[in-house]
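Below is one structure, written out as structure tokens; comments come after it.
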Amino acid sequence: MQKFILDAMMGRLARWLRILGYDTLYNNSYEYWKIIKIAQNEKRIIVTRDRGLCARALKIGIECFLALPADSVIITLAKLSIKYDIDLSVNLDASRCSVCNGILRKVEKNKWLCTSCNKEYWKGKHWSTIPEILIKAQKEREKMYEQYKHPRTRSREGEDSSQISKKSDREEIKTIK
Numbered sequence: 115m116q117k118f119i120l121d122a123m124m125g126r127l128a129r130w131l132r133i134l135g136y137d138t139l140y141n142n143s144y145e146y147w148k149i150i151k152i153a154q155n156e157k158r159i160i161v162t163r164d165r166g167l168c169a170r171a172l173k174i175g176i177e178c179f180l181a182l183p184a185d186s187v188i189i190t191l192a193k194l195s196i197k198y199d200i201d202l203s204v205n206l207d208a209s210r211c212s213v214c215n216g217i218l219r220k221v222e223k224n225k226w227l228c229t230s231c232n233k234e235y236w237k238g239k240h241w242s243t244i245p246e247i248l249i250k251a252q253k254e255r256e257k258m259y260e261q262y263k264h265p266r267t268r269s270r271e272g273e274d275s276s277q278i279s280k281k282s283d284r285e286e287i288k289t290i291k
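Just add 114 to wherever you are in the sequence shown, counting from 1, and you've got the working numbering.
Written out as structure tokens, the structure is:
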């Protein structure tokens, strides 16, 4: 299972990755050199919106995912799920503490305790919003897959024209004539 480290701009995403059970380090006071050092030593994937940080990481062989500033947590989760095969469903036996990344231990039928910070978790009213967000991320993922399978349905804005094969262009021209 992948392990992640996120920079200061990615706090909400860190909580979601932890809920999904992924070992995710996040501290909004980490400096870039520290993120790179931790990622290198612990074989973690860096997730950031900072192009400079990502470029420095990639230059020395560290995996980095560059999230777009305009992307919501839902879109970023969908993209991460495609790139790193992240499961977008909650497994309560694998979920981690959303605050400190600690391992959760079941203490009652619907109650868990973080083994690091002792934060308690239970299935309360907020529980219904978790699947709602993840269902939205799954739908976005499906849309992205469809766009990948059928590149002609994608918007042309900001796309690399090399993504569309010349062969399919020639075939399309033949059918028009």
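Backbone N, C-alpha and C fix where the C-beta goes; we use that ideal spot for every residue, glycine too.
Non-local beta-carbon contacts of LYS250 in its own chain, meaning distances under 6 Å to residues more than five positions away in sequence, involve ILE188 in chain order.
TRP236 counts as exposed, since fewer than 16 other beta carbons sit within 10 angstroms of its beta carbon. Annotated three-state conformation of TYR140 is strand, per DSSP. Residue ILE119 holds the alpha-carbon nearest to the alpha-carbon of CYS168 among ILE119, VAL213 and ALA128. Using a Cβ-Cβ distance cut-off of 8 Å, the region 170-181 and the region 132-143 are not in contact, since fewer than three pairs of beta carbons, one from each stretch, lie closer than that value.
A check of alpha carbon separations from ILE174 across LEU202, LYS157 and GLU145 identifies LYS157 as the nearest.
Each residue's CA atom was taken as its position, placing TYR259 and GLN116 some 21 Å apart.
Distance check between TRP147 and each of GLY166, ASP199 and ASP185 places GLY166 closest, using alpha-carbon atoms only. Within a 10 Å sphere around the beta-carbon of THR190 sit 16 or more other beta-carbons, which makes this residue buried.
With contacts defined by Cβ atoms closer than 8 Å, SER195 and LEU202 form a contacting pair.
TRP147 has no beta-bridge partner at all, per DSSP. Remark: C-beta atoms of ASN142 and ALA122 approach each other more closely than 8 Å. The beta carbon of TRP226 sits closer than 8 Å to the beta carbons of LEU206, SER209, LEU218, ARG219, LYS220, GLU234, TYR235 and TRP236 from its chain, once the five residues preceding and following it are set aside; these are given in chain order.
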